[in-house]
Amino acid sequence: MTEAKKYFTRLGDGSSIHMTAEEIKADIEAGVADAVDRGKIDALTPEEKQKIFDIVTMPGKIVGVEPGKEIVMSNDSGAYKINVKSGIPISVDTEVLIYERVLGCDSVDVGNTDYNYKTAKGVAKREASKLKNALNISIMPLFYGAMPNLGFYTKPDGPVDNWAVLLPEGRVKESMDAQEEAVHHAVRDIVYVAEQMNDVGADGFQLDTSGAAGDADFLASLKACEEITRKFPNMGVEIGMAGEFVLGMHGKLKYNDVRLAGLYPHKQVKLAEQAGASIFGAVVNTNCNKSFPWNISRVCTFLKACSEAAVIPVHANVGMGVNGIPMCEILPSDMVSRADKAIVEICKLDGF
Amino acid sequence: MEKELILKEAFDSVIDSDEDKAMEVIKKAEEMGIDPVELLTEGFSAGIKHLGDLFGRGEVFLPELIFAAEVMKMVTTEIESKLEGGAMAKKGVMIIGTVEGDVHDIGKGIVASLVKTNGIEVIDLGREVPAQVFIDKAKEYNADIVGSSALLTTTMTVQKEIEELLKKEGLRDKVKTMIGGAPVTQRWADRIGADYYCEDASEGVKYALEYLANKN
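Here it is in structure tokens:
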């Protein structure tokens, strides 16, 4: 009896593994089932599952989307991946030009290296000047971006009590009050920064990694988005998420009568729309212990439901540890390109 | 059958964070002659474990978990007061903390609460704990288990440092190590020589109880 053919793939932490066709198919079924169970959403069709199987087992290290299915590419993290993160001494406006003219990106967000609105507020006019310089020499739309990051508003760095300290002590009411107060501070700061960016002609404003500090963090993004789009209607707002469901650190916060805690992408996007967002950045977590076929099938099930529910464009975050991309420092192009192809062709997303 | 119903009521009282109901269940169980330790582990503790699982799925939120933990604390104290000698025998000691450079301690806190409610003394070192502190505290408390949590690929290396320091200090055979966190895997545990990889809080409790039961 000959041994079944095995295909190269990876685990969620990037480790190389080899799986038989049967094993891959079983993981695809299990990944879809997990998303259906958690998100209470429809399963992928047999054809879509077969498509994932084909993508997983496709020959070639790097795969690509079919011609005509190319999508736009936006980039986050403040245009400091080349200069600050890679240590190549160039200015932000030069980095923007590299994104535009060398890497072929469709947009990038310019932001402070600390990448949160509380820090950006103190230097907002200087940040706006930096953005203006970049806008003057580039063609593609530029966003200003940072995280709402409510954690920055807790003591000792901020004005409110730290709910991560209060909660384990059983001081639930105080922790809820502290989170509600932090939302107020964050919205004020975000809108102030947005005003400075609108003044220099920013094309968009990015609320990145929303919900990172829980449901209050997501609420801050929604409220800030609502106010920004009302005050500065010519500047689009992108709300990008931190995780697949909104973590209930508060648990009772609502936006337009919808409880935020526990919402999965297909429901998050509807609230982003109500808040006036122009783009929604969907995120599904990668499980390090599961295979790429399991992870990407789960991702496609969630993202397809999100894409079908959405009226506004949905851009998937395809960075480390989310949306099928392994959680490791150097991202393997074999799985990144397969995740990209599956998300575009099955979930019909609008951008990355 | 009646015992099963009581255990179910105990389970539900924790799920509902209903302290009055929990106290009523303890009273009823006493009248029926049900072993209080069984009531705690099979009823109340099973409830909080289930809540931990629901939290991981986004179906239950942190304040609800905290309320339930408060009920557990009350229940544990009440049951302890009814036991001969006044307290349940301590099953062992566990040192737990989030490693240096890492501020993420929600998951670690949940593991600590669940382990504690299962009769194991927990020394929670908090977050951003240097490797050496894990070792110092393991010595100080004569720990059976050293648990560490890391949520970042850049901080999980501290778990390896803990393993190395335990060997250096001659403690490696005296304690079992348990590791967890989003980027942590069984393969990482194998690579650094950790004894247990825990995917979630329930697994942490399971391994701790199994190890201590065999040891004692």
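Protein sequence lines, in the order shown, are assigned to chains A and B.
FYI, this note's numbering numbers position 310 of the first sequence as 310, with every residue one higher than the one before it.
Just so we're on the same page, this note's numbering is the position in the second sequence counted from 1, plus 1000.
We treat Cβ as the ideally placed atom computed from N, Cα and C, and that holds for glycine.
Neighbour list for residue i in chain B, Cβ cutoff strictly below 9 Å
i, result
"residue 353 of chain A", "The structure shown has nothing for residue 353 of chain A, since chain A only spans 1 to 352."
"residue 38 of chain A", "1057, 1058 and 1059"
"residue 328 of chain A", "1153 and 1183"
"residue 302 of chain A", "None at all; the shortest Cβ gap to chain B is about 12 Å."
"residue 142 of chain A", "Simply none; closest approach about 29 Å."
"residue 262 of chain A", "1057, 1058, 1059, 1060 and 1061"
"residue 135 of chain A", "What residue 135 of chain A touches in chain B: nothing, since even the nearest Cβ is about 34 Å away."
8 Å Cβ cut-off: residues of chain A touching residue i
i, result
"residue 1105 of chain B", "164"
"residue 1101 of chain B", "Result: empty, since nearest Cβ-Cβ is about 15 Å, beyond 8 Å."
"residue 1026 of chain B", "Under the 8 Å cutoff, chain A gives no residues; its nearest Cβ is about 20 Å from residue 1026 of chain B."
"residue 1070 of chain B", "170"
Start and end residues, alpha helix (DSSP H) containing residue i
i, result
"residue 184 of chain A", "172-199"
"residue 1013 of chain B", "1002-1015"
"residue 1162 of chain B", "1157-1168"
"residue 272 of chain A", "265-274"
"residue 56 of chain A", "46-57"
"residue 293 of chain A", "292-309"
"residue 165 of chain A", "163-166"
"residue 34 of chain A", "21-39"
"residue 127 of chain A", "124-137"
"residue 1050 of chain B", "1045-1056"
"residue 62 of chain A", "Unbroken run through residue 62 of chain A: none, as it is neither H nor E."
"residue 225 of chain A", "215-231"
"residue 1113 of chain B", "1106-1117"
"residue 1028 of chain B", "1019-1032"
"residue 246 of chain A", "First-last for residue 246 of chain A: undefined, no H or E at that position."
Any non-hydrogen atom of the ligand NAD closer than 7 Å to residue i Cβ
i, result
"residue 322 of chain A", "The ligand NAD is absent from the structure shown, which contains no ligand whatsoever."
Strand pairing of residue i, partner residues [DSSP]
i, result
"residue 204 of chain A", "A/143 and A/236"
"residue 259 of chain A", "A/254"
"residue 315 of chain A", "A/281 and A/351"
"residue 1176 of chain B", "B/1145"
"residue 116 of chain A", "A/147"
"residue 1095 of chain B", "B/1123 and B/1146"
"residue 75 of chain A", "A/108"
"residue 210 of chain A", "A/241"
"residue 1197 of chain B", "B/1179"
"residue 286 of chain A", "According to DSSP, residue 286 of chain A bridges with nothing at all."
"residue 92 of chain A", "Answer by DSSP bridge pairing: none, since residue 92 of chain A is not bridged."
Proximity winner among the options, relative to residue i (alpha-carbon distances)
i, options, result
"residue 3 of chain A", "A/22, A/304, A/9 and A/213", "A/22"
"residue 116 of chain A", "A/239, A/267, A/148 and A/71", "A/148"
"residue 52 of chain A", "A/283, A/111, A/187 and A/9", "A/9"
"residue 171 of chain A", "B/1110, B/1215, B/1067 and B/1119", "B/1067"
"residue 286 of chain A", "A/224, A/245, A/48 and A/275", "A/245"
"residue 184 of chain A", "A/218, A/196 and A/198", "A/218"
"residue 132 of chain A", "A/92, A/74, A/321 and A/342", "A/92"
"residue 1021 of chain B", "B/1203, B/1071, B/1051 and B/1170", "B/1071"
"residue 144 of chain A", "A/153, A/298, A/121 and A/36", "A/121"
"residue 1015 of chain B", "B/1168, B/1035 and B/1049", "B/1049"
"residue 1057 of chain B", "B/1210, B/1032 and B/1201", "B/1201"
"residue 240 of chain A", "A/86, A/74 and A/254", "A/74"
"residue 1142 of chain B", "B/1059, B/1205, B/1173 and B/1154", "B/1173"
"residue 1146 of chain B", "B/1112, B/1153 and B/1152", "B/1112"
"residue 60 of chain A", "A/333, A/72, A/66 and A/321", "A/333"
"residue 356 of chain A", "A/159, A/95, A/327 and A/270", "The structure shown does not extend to residue 356 of chain A, since chain A spans only 1 to 352, so no value can be given for it."
"residue 1060 of chain B", "A/350, A/280, A/305 and A/259", "A/259"
"residue 265 of chain A", "A/306, A/229, A/180 and A/235", "A/306"
"residue 142 of chain A", "A/257, A/130 and A/290", "A/130"
"residue 180 of chain A", "A/154, A/85, A/77 and A/262", "A/154"
Limits of the beta strand (DSSP E) - the one that residue i falls within
i, result
"residue 1074 of chain B", "That residue, residue 1074 of chain B, is in no beta strand (DSSP E); its alpha helix (DSSP H) goes 1062-1082."
"residue 8 of chain A", "6-10"
"residue 15 of chain A", "First-last for residue 15 of chain A: undefined, no H or E at that position."
Proximal chain B residues relative to residue i, where beta-carbon distance stays under 8 Å
i, result
"residue 172 of chain A", "1063, 1066 and 1067"
"residue 297 of chain A", "Here the premise fails: no neighbours, minimum Cβ distance about 18 Å."
Contacts that residue i makes with chain A (C-beta to C-beta distance below 7 Å)
i, result
"residue 1130 of chain B", "Going along chain A, no residue has its Cβ under 7 Å from residue 1130 of chain B, so there is no contact; the nearest lies around 20 Å."
"residue 1199 of chain B", "289"
Partners in chain A for residue i, counting only beta-carbon separations shorter than 9 Å
i, result
"residue 1186 of chain B", "289"
Beta-carbon neighbours of residue i, restricted to chain B and to distances below 7 Å
i, result
"residue 217 of chain A", "Under the 7 Å cutoff, chain B gives no residues; its nearest Cβ is about 13 Å from residue 217 of chain A."
"residue 19 of chain A", "Neighbours of residue 19 of chain A on chain B: none; closest Cβ ~16 Å, over 7 Å."
"residue 366 of chain A", "Absent from the structure is residue 366 of chain A, since the part of chain A shown begins at 1 and ends at 352."
"residue 15 of chain A", "1187"
"residue 245 of chain A", "1058"
"residue 150 of chain A", "Result: empty, since nearest Cβ-Cβ is about 14 Å, beyond 7 Å."
### Query
Between the segment 1091-1110 of chain B and the segment 186-204 of chain A, do three or more beta carbon pairs fall short of 8 Å?
no
### Query
If we count Cβ pairs, one from each stretch, closer than 8 Å, do we get three or more for the segment 223-235 of chain A versus the segment 290-299 of chain A?
no
#### Entry: Inter-stretch contact at 8 Å, needing at least 3 Cβ pairs: the segment 1113-1121 of chain B / the segment 1203-1211 of chain B
yes
### Message
Between the segment 1166-1183 of chain B and the segment 1027-1040 of chain B, can you find at least three pairs of beta-carbon atoms closer than 8 Å?
### Response
no
### Message
Check whether the segment 248-255 of chain A and the segment 172-182 of chain A are in contact - that is, three or more C-beta pairs closer than 8 Å.
### Response
yes
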